[in-house]
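A short worksheet on the structure shown next.
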Amino acid sequence: MTSLRIALAQINPVVGDIEGNTKKIIATIETAVSRHDPQLILFPELVVTGYPPEDLLLRESLVHRIERALHKIAGQAPRCYVVVGYPRSLDGSLYNAAGVFFGGKLVNEYHKQCLPNYRVFDEKRYFKEGKHTLVMDIFGVPTAISICEDVWEDAPTAGAKAEGAKLMLNLSASPFHAGKQIEREALLAQRAWQGGMPVVYCNLVGGQDELVFDGASMVVSAEGELIARSPAYIEYINCVTAKWDGRRLRFDEGEVSDLRPVLEDIYETLVLGVRDYVNKNGFKNVVLGLSGGIDSAVTLAIAVDALGADRVEAVMMPFRFTASMSMEDAQAQAAILKVRYQVISIESVYDAFMLALSDEFDGLSADKTEENLQARCRGVLLMAISNKKGSLVLTTGNKSEVAVGYSTLYGDMAGGFDVLKDVSKIRVFELARYRNSLSPAIPQRVIDRPPSAELAPDQKDEDSLPPYEILDQVIERYIEHDESAETIIAAGFEREMVYRILRLIDINEYKRRQAPIGTRITERGFGRDRRYPITQKWPIGD
């Protein structure tokens, strides 16, 4: 009976920073060795470049930079195996590869067989499919290597079993969406049963543009039982020990972090998405418009949790339609969260625009133009603050509003990152209540009062939109599940309302395309997942 100690090293790389990522990999190897003395260290998929590297994979210097990185990593694996993900160029083709290092050199390499090409994944644009299963001896244990999507399909596990594998290592870069962790655990249990072998799965952690990788690396026994689960949302080294009797590999019970409720996962995903977007892009601070409404209130709380109060500025920009309670609640929240708070009225700015446009508007009645102009005054002010101070503007529009165009181009849509872009209005309220359950963050009146853009006297969102309880269900069915109008109507929704909502979604595609990116939290997100043409004549709702 022999022992095998495996360290799962989930780390947070920066896409394109091959030198920095390599230093982090080496530092993690050193830490793992000093703390746990493992015989094998497993890293995530494409950790050397970060994931997804997209068209950086087409750069001419990629091959040489990767070779230099692999040479440095090999020098850190004199007596333990290290498995690392990177792109490999061979004979004019590029592969999504996993290298196995030992004794100061690269001793084996596996190429990903199943390339995802759906939703946010676009790997067939860059990579060629690997054709061969890799099963190698690691301290006496026949060990198979696989990469992410390989465990989501049957063939790689079946191939590994046929070649005598008794352990499956999986390097992964699996992004978060609500409920994803439960799916992963069920899948790994299924693959373990199928292959008759334990599965050791190491997932990436960190934010990359609209994607957030949540970590939660795992070990599942050959019987499909969860042996270990690393904490989500942080870099972590989780070491597990197994006993090998020459026929089966049995893991000792390892560290199992708690499985979070979905709402808590969503909140932590949004926090990590903001933190990494801001920090990885080199912004020192953020600024946002704080209106006294629910969306900006939740955005402010997330920003403070992500960056700290000293890096967040909130600006209230009142107009003649701004309710006194909005002013009071914005100031109260800024005080609760201890952020820098400014009040800048848009009255004089708006009046100057109206004066400049007086000849153009002569004889024309007031309409949405004047409402949009208010939003654009605010957008100009926030962008000016951004330019002067180098702060990133966080926009505050939610998925429900962005979907149907209840937002203003170059106004409340002006900015660099939309924290709530993939968050429905109903979920915004849920997140507000969740955040307040941790500590005071959002005045209760902000949560209780009816939502309003406050661009006209006594305005409420439901003056222009169906109740959010209904609107959000229709949006989810149409955007996330691709249901037709008739299918949605058959589910019990009123016909005229459904066609109106679907028409708004379709005609506002041009506006959604110009919105800032924001963190993806749903399986069918509201960013790169959705690729509808702007100019098209497809029948509404068909």
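In terms of this note's numbering, the sequence shown is residues 118 to 659.
Don't be surprised by glycine CBs; every beta carbon is placed ideally from N, CA and C.
Just so we're clear, the structure is a prediction, and the values are computed from it rather than from any experiment.
Asked, Found
"Alpha-carbon to alpha-carbon, N402 and I638", "24 angstroms"
"The region 440-455 contacting the region 475-484, beta-carbon criterion three pairs below 8 angstroms", "no"
"Minimum C-alpha distance to I183 - residue among K140, E613, N489", "K140"
"Residues near L281 in its chain [Cβ-Cβ closer than 7 angstroms; skip 5 each side]", "For the sequence presented, residue 281 should be read as Gly rather than Leu. These residues qualify, in order along the chain: V252, P259."
"Meets three-Cβ-pair contact criterion under 8 angstroms: the region 351-358 and the region 149-162", "yes"
"Y168 vs Q311 beta-carbon contact at 8 angstroms", "no"
"Status (buried if at least 16 other CB within 10 Å, exposed otherwise) for Q653", "exposed"
"Beta-carbon proximity list for F219, same chain, < 6 angstroms, skipping 5 on both sides", "A194, Y198"
"Segments assigned alpha helix (DSSP H), at least 4 residues, entirely inside the region 242-283", "271-279"
"Where D326 sits in the DSSP three-state scheme", "coil"
"Runs of alpha helix (DSSP H) lying entirely within the region 118-157, each at least 4 residues, in chain order", "135-153"
"Whole-angstrom C-beta distance between L179 and L157, which should lie under 8 angstroms", "Actually they are not in contact, since the Cβ atoms of L157 and L179 sit about 27 angstroms apart, beyond 8 angstroms."
"N213, DSSP secondary structure in three states", "strand"
"C-beta contact flag for V337 and S508 at 8 angstroms", "no"
"Inter-residue Cα distance where the pair is D565 and V536", "22 angstroms"
"Touch test, the region 596-608 against the region 484-496, Cβ-Cβ under 8 angstroms, three pairs minimum", "no"
"Coarse secondary structure for V388, derived from DSSP in three states", "helix"
"Backbone secondary structure at K505 - three-state DSSP", "helix"
"Boundaries (first-last residue) of the alpha helix (DSSP H) holding N553", "542-555"
"Rounded C-alpha distance that separates P315 from L321", "20 angstroms"
"Span of the alpha helix (DSSP H) around R617", "612-624"
"Beta-carbon proximity check, L159 vs V317, cutoff 8 angstroms", "yes"
"Q491 beta carbon less than 8 angstroms from that of I453", "no"
"Inter-residue spacing [alpha-carbon to alpha-carbon] between R185 and A191", "10 angstroms"
"Bridge partner(s) assigned by DSSP for R641", "Its beta-bridge partners do not exist; DSSP assigns none."
"Contact under 8 angstroms by Cβ, D393 with T513", "no"
"Segments of 4+ residues assigned as alpha helix (DSSP H) that fall wholly inside the region 456-539", "464-473, 475-478, 485-506, 516-521"
"Distance, F470 Cα to G480 Cα", "17 angstroms"
"Within the region 353-419, ranges of the beta strand (DSSP E) (whole runs, at least 3 residues)", "353-361, 366-368, 403-406"
"Reduced DSSP category for M434 - H, G, I as helix; E, B as strand; rest coil", "coil"
"Bridge-paired residues (DSSP) for S289", "N320"
"The region 538-546 contacting the region 584-593, beta-carbon criterion three pairs below 8 angstroms", "yes"
"Cross-strand partners of F218 (DSSP beta bridge)", "V199, L223"
"Cβ separation of F293 and V268, assumed to be a contact under 8 angstroms, to the nearest whole Å", "Going by Cβ atoms, the distance from F293 to V268 rounds to 17 angstroms, so no, they are not a contact pair."
"Range covered by the beta strand (DSSP E) that runs through V337", "335-337"
"In DSSP terms, what R346 is bridged to", "M335, V373"
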